[in-house]
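**Q** Here it is: the structure, laid out below.
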Amino acid sequence: MSDLKYKLVVGLEIHVHLCTKTKMFCGCGLEYGVTANSRICPVCLGMPGSLPVMNRQAYEFAVMMGLALNCRISRFTKWDRKNYYYPDLPKNYQISQYDLPLAEKGYIEIPLEEGRTKKIRIIRVHLEEDAGKNIHAGAYSHVDLNRAGTGLLEIVTEPDMNSPVEVRALAMELQRIVRYLGVSEADMQKGHMRFEPNVNLTINLGDKEVKTPIVEVKNLNSFRALERSVEYEIGRQLDEFAETGKVMEMGNKSTRGWDDVNQVTVLQREKEEAHDYRYLPEPDLVPVELDDQWLGDIKSGLCELPLQKQMRFVSEYGLSDYDAGVLTADRATADFFDEAVKAGGEPKRICNLLTQVGLKMANEKGCSLADLGFSAANVAELAKMAEGGDVSASAAGTILEKMTEMKENPQAIAEKLNLIQKSDAGELEAVVDEIIAANAEASQQVREGGKKSGKARGFLMGQVMQKTKGQANPKVVSEILGKKLS
Amino acid sequence: MEHLSAAELRDRIKAREISSFEAAKTVFARIEKYEPKIGAYISIFEETALAKAKEVDKKIASGKSVGKLAGVPVAIKDNMCTIFGTTTCASKILENFHAPYNATVVQKLLDADAVIIGKTNLDEFAMGSSTENSGLKKTVNPWDTGRVPGGSSGGSAAAVAARLCFGALGSDTGGSIRQPAGFCSVVGLKPTYGRVSRYGLVAFGSSLDQIGPLTKTVADAALFMNVISGKDLADSTSVDESIAPVADYLENLNQPVENLKIGIVPHLNAGADEQVLGAINDSINFYKSTGAEIIELEMPHLDYAIAAYYVIATAEASSNLARYDGVHYGYRTARPKDYIEVYSKSRQEAFGAEVKRRIMLGTYTLSAGYYDAYYLKALKVRNLIRGNFTKAFEKCDCVIMPVSPTTAFKIGEKMADPLQMYLADIYTIAVNLAGIPGISIPCGFDSDNMPIGLQILCPAFEEAKLLRIARMFESETNWHKVYPNIINHE
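Line by line, the protein sequences are chains B and L.
If you're matching positions, the first sequence starts at 1 in this note's numbering and goes up one per residue.
If you're matching positions, the second sequence starts at 1001 in this note's numbering and goes up one per residue.
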């Protein structure tokens, strides 16, 4: 790699599969992993005479996304045909939106390190139908049309990202948003979300700036692959520029595929083919007119967005940015946490219980916090017990674990398991006296306050805890010890 | 019996004076005798039709209620999908195509207890004005077997004229119901765009296509409209009945429209045949004699209708017909080298010349750099034409003009010059661009004894008034009662 001064420039084209019950223009169900060509009908097969009917839910989902991305929502939007021949496209045209996308000119705010954020502008958001799948088998190819006609949201950003980390952050933030809104399962591995970065470099040559040819990267099945592919392109484009001096021109955009095994991009198409899609207004569908009432109904389906939530958890509850990020990774966790805090628990303590114990259990069981068998109110109660010294922090974790099996409130569980701490000073003083008497040497070391005092103090604490079967409140014991051995 | 109207036959079947079975038998006997000469049908469903006829007879015998077309043998143009038989569009590319569903209109006919006896010939994918572009068979005009029946619903028009059914459905993209109706001396109605569901009609020009009836009488056209009209959730472009209610088209049919104001457009008649114009004039004089006021209209943009139409219709067609590619269904070339050849050879081998011509025209006009000059401009012309009609209907109830500048021409006469064929659509095409309803009714014959059609146009969704105006003429004339020679002389 050369030591040229450069700036990375990345824009993203994103496709999101909407999780509507049925396809975009027919009544076929949306199911993945079912027998090939078992979710098809005359409409999504493009049979002669069949006509599309718009799925209102898909449209509403798309408008929700437009709102979440701070876009201008078109009150009048229409459908267009994009004509091209391919065996997985039964009508040989795709119903899409050309000159009047349903939303445009917005932005998405993405989280970066240390609570910093950056705005990435959104050019447009539009709806279209997905194609089927070609499956190549030796001399023949098979076509599976289960996916054909599935509602697909296309989001195009401005080239506002300047590091691989920003690209990844946008992708993850977008996933978080679509999941919060419930418009897509957004599983990259399953192809619910596809990211295609357009990458090039602005190279500073001192007296002038030049741009390298744009590369569109495909086949990205994970956030890591997305980030790595952009990183890889930086080096590759620098090397290529050093070697050939080639700069961006009309028509020299190329397409490269990500090879996940070798962690490299591989050339797929040298020059952007001069596609002529012969767009025309779709005569089989009527334009969509969004009135105030309908827009209002869609708006009422929106929720607090993940980044806002994350920032609120930091400012309002005093959580670290990291903890707030973990809790807002999905809406169910964030809502559960919020509810527990509102039920009166101390936020940091609830956060620790949920992130250190609750989410671990949920992950193991593959479910959400709410499905673990306890309520947010239960967690709040448990946090209050720990806060008041009734149970130790570690006992609180144990109690939370047991709450999933025992289906009882935390107080009852703590009592059953003898986890209620002894905080009675009188009772504990007797035990401390007993331990001091039995361990004269260690007691002396603590009194002397020398090098060994810390270790000796720990030893005495341990003895007290052992004697009380761990039920002594360490804070109270520590206070008594301090008084007795000063 | 074959000369009864559909309504009369239905009443007699319901009164058990004639059985539906008997009616169907009569039709099939006639088909056996005349069909070899006429060539109206692509497919005939004798067995299923007779079974359905028996079923209707049984229903009537047991006192059950029956539909509006109870027991009436009808035909449908072979570009409407039926779950039974083939749906060919008179194209080799769909010659063996079995649709997996019934078009909405087909289902409505069946639900009305009609007996579907067969599917009629057409210009391939409804592209043509003479039915000569059929890729599967030749249909002739029952009034002169050396002449064309018109098109593209030529099979349906010939079948009704030759009494090979009691009514038929056609489709009209630029005159395809009205012009053959005129050429064969039957009634042909193109409803308002959005009045009748297009679901299951194989698309040619989606923003122009509309299904309608070809019948012996105006009352039959009204009867068919009562069966097939209405909003269909499967067709987004069918119009909501809360916006445009569906009337009972038979209800006031015989009531003349009072203070009738008729618009005429003299400047459109420059190239028309004198005998045709004579018959139209006589018809206008008839209306005058009933007290109607005649208003001369200026509709300047109608001059550009043919140009705009052939841009819009072919653009839509080039996209609509892209799906016939040999991949999923229909004709596939025998030994393709690769998948590109599956497309190119299948289409090259199975589409006829006119279909290819229109696909190429449409592909051209939609191409980058040409879109604004052609397609976009054509859409603007379309709006101006709509505006011409809107303005016209502020002054009059209806507009009257010929349906075609000539009577039926000789077979082969215009095949060498497609442009001449396109120009013959001068009177019908603007109506599709404007989306308004139009009807053709018999109004006379030329010196060769070839029928002349009178075209009446009304504002959108005013089919009830349109039918009443047509009925005023029909009730006082006998043109619709004259049968073709082929039948009279045997």
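Glycine residues also receive a C-beta, built at the ideal position from the N, C-alpha and C atoms.
Could you please tell me which residues of the segment 1233–1248 of chain L, in chain order, have their CB closer than 8 Å to any CB of chain B?
**A** Leu-1233, Ala-1234, Asp-1235, Ser-1236 and Thr-1237
**Q** With distances taken Cα to Cα, identify the nearest neighbour of Tyr-279 (chain B) among B:Asn-70, B:Tyr-93, B:Ala-36 and B:Val-476.
**A** B:Tyr-93
**Q** Looking at the strands, I want to know which residues DSSP matches up with Leu-1457 (chain L).
**A** L:Val-1399 and L:Gly-1438
**Q** Less than 8 Å between CB atoms is the rule here; does Lys-384 (chain B) satisfy it with respect to chain L?
**A** no
**Q** Considering Cα atoms alone, identify which of B:Phe-336, B:Ile-155 and B:Arg-168 is closest to Ala-362 (chain B).
**A** B:Phe-336
**Q** Among the residues of its own chain, which have a CB less than 8 Å from the CB of Thr-1082 (chain L), if the five just before and after it don't count?
**A** Ile-1076, Ala-1099, Asn-1102, Ala-1103, Val-1106, Ile-1116 and Lys-1119
**Q** Quick check: Leu-30 (chain B) and Thr-150 (chain B), are their CB atoms within less than 8 Å of each other?
**A** yes
**Q** Should the segment 1231–1250 of chain L be called in touch with the segment 1265–1274 of chain L, which here means at least 3 C-beta pairs below 8 Å?
**A** no
**Q** Locate the alpha helix (DSSP H) running through Gln-310 (chain B), then write down its first and last residues.
**A** Run containing Gln-310 (chain B): 306–317, per the alpha helix (DSSP H) assignment.
**Q** Determine whether the beta carbon atoms of Gly-1151 (chain L) and Ser-1171 (chain L) lie at a separation below 8 Å.
**A** no
**Q** Ignoring anything shorter than 4 residues or poking outside the segment 174–227 of chain B, list the alpha helix (DSSP H) runs there in chain order.
**A** Segments of the alpha helix (DSSP H) lying fully in the segment 174–227 of chain B: there are none.
**Q** Checking contacts by CB at 8 Å: is Ala-1470 (chain L) closer than that to chain B?
**A** So no, Ala-1470 (chain L) is outside the interface.
**Q** How is Gln-268 (chain B) classed by DSSP in three states: helix, strand or coil?
**A** Looking at Gln-268 (chain B) - three-state DSSP - the assignment turns out to be strand.
**Q** Determine the contact status of Leu-428 (chain B) and Ala-472 (chain B), defining contact as a CB-CB distance below 8 Å.
**A** Result yes, Cβ atoms of Leu-428 (chain B) and Ala-472 (chain B) sit closer than 8 Å.
**Q** Determine whether the Cβ of Gly-1155 (chain L) lies closer than 8 Å to any Cβ atom of chain B.
**A** Judged by the 8 Å Cβ criterion, Gly-1155 (chain L) is not in contact with chain B.
**Q** From the DSSP output, in three-state form, read off Cys-1443 (chain L) for me.
**A** strand
**Q** Spatial neighbours of Ala-1007 (chain L) within its chain, please: C-beta separation below 7 Å, excluding the five flanking residues on both sides.
**A** Ala-1219, Asp-1220 and Leu-1223
**Q** Rounded to whole angstroms, what's the CA-CA distance from Glu-227 (chain B) to Leu-307 (chain B)? Just pull it up for me.
**A** 21 Å
**Q** Which residues in the same chain as Ala-62 (chain B) place their Cβ atom closer than 6 Å to its Cβ, once the five residues preceding and following it in sequence are excluded?
**A** Leu-102, Leu-127 and Leu-153
**Q** Touch check for the segment 192–201 of chain B and the segment 214–230 of chain B: three-plus C-beta pairs under 8 Å?
**A** The segment 192–201 of chain B makes contact with the segment 214–230 of chain B, as at least three CB pairs between them are under 8 Å.
**Q** My understanding is that Val-1311 (chain L) touches Ala-1378 (chain L), with C-beta atoms under 8 Å, so please give their C-beta distance in whole angstroms.
**A** 4 Å between Cβ atoms; contact.
**Q** Going by the CB atoms, is the gap between Val-34 (chain B) and Asn-146 (chain B) shorter than 8 Å?
**A** Cβ distance < 8 Å, so Asn-146 (chain B) and Val-34 (chain B) count as in contact.
**Q** Please name the residue in B:Arg-116, B:Arg-194, B:Phe-313 and B:Cys-41 whose C-alpha comes closest to that of Glu-13 (chain B).
**A** B:Arg-194
**Q** Buried or exposed: Phe-76 (chain B), going by 16 or more other Cβ atoms within 10 Å of its Cβ?
**A** exposed
**Q** Spell out whether any CB of chain B is found under 8 Å from the CB atom of Arg-1323 (chain L).
**A** yes
**Q** Distance cutoff 8 Å, beta carbons only. Does Ala-1270 (chain L) sit that close to anything in chain B?
**A** Against chain B, the CB of Ala-1270 (chain L) has no partner CB under 8 Å away; the residue lies outside that interface.
**Q** At the level of alpha carbons, what is the spacing between Ala-186 (chain B) and Arg-179 (chain B)?
**A** 7 Å
**Q** Mind checking Asn-378 (chain B): buried by the 16 CB within 10 Å criterion, or exposed?
**A** buried
**Q** Would you report the Cα separation of Lys-1414 (chain L) and Asn-1121 (chain L), rounded to the nearest angstrom?
**A** 19 Å
**Q** Under 8 Å, Cβ to Cβ, is there at least one residue of chain L near Met-250 (chain B)?
**A** By this cut-off, Met-250 (chain B) is not an interface position.
**Q** Does His-1003 (chain L) come out as helix, strand or coil in the three-state DSSP assignment?
**A** In the structure shown, His-1003 (chain L) sits in coil (DSSP, three-state: anything other than H, G, I, E or B).
**Q** Starting from Ile-1042 (chain L), trace the alpha helix (DSSP H) in both directions and tell me its first and last residue.
**A** That residue, Ile-1042 (chain L), is in no alpha helix (DSSP H); its beta strand (DSSP E) goes 1041–1044.
**Q** For Ala-1024 (chain L), collect the residues of the same chain with a Cβ closer than 7 Å to its Cβ; drop the 5 residues on either side in sequence, then sort them by chain order.
**A** Ala-1049, Leu-1050, Ala-1053, Pro-1073, Val-1115 and Ile-1117
**Q** Is there a C-beta anywhere in chain L that falls below 8 Å from the one on Gly-288 (chain B)?
**A** Just to set this straight, residue 288 (chain B) is Val in the shown sequence, not Gly. No - not a single Cβ of chain L is within 8 Å of the one on Val-288 (chain B).
**Q** Keeping to the same chain, check which residues put their C-beta closer than 8 Å to that of Leu-1164 (chain L); ignore five residues upstream and five downstream.
**A** Val-1027, Arg-1030, Ile-1031, Tyr-1034, Glu-1035, Ile-1038, Ala-1040, Tyr-1041, Ala-1075 and Ala-1158
**Q** Residues of chain L with CB closer than 8 Å to the CB of Asp-132 (chain B), please, in chain order.
**A** Residue identity differs from the one stated: residue 132 (chain B) is Gly in this sequence, not Asp. Correct list: empty, because the minimum Cβ distance to chain L is about 10 Å.
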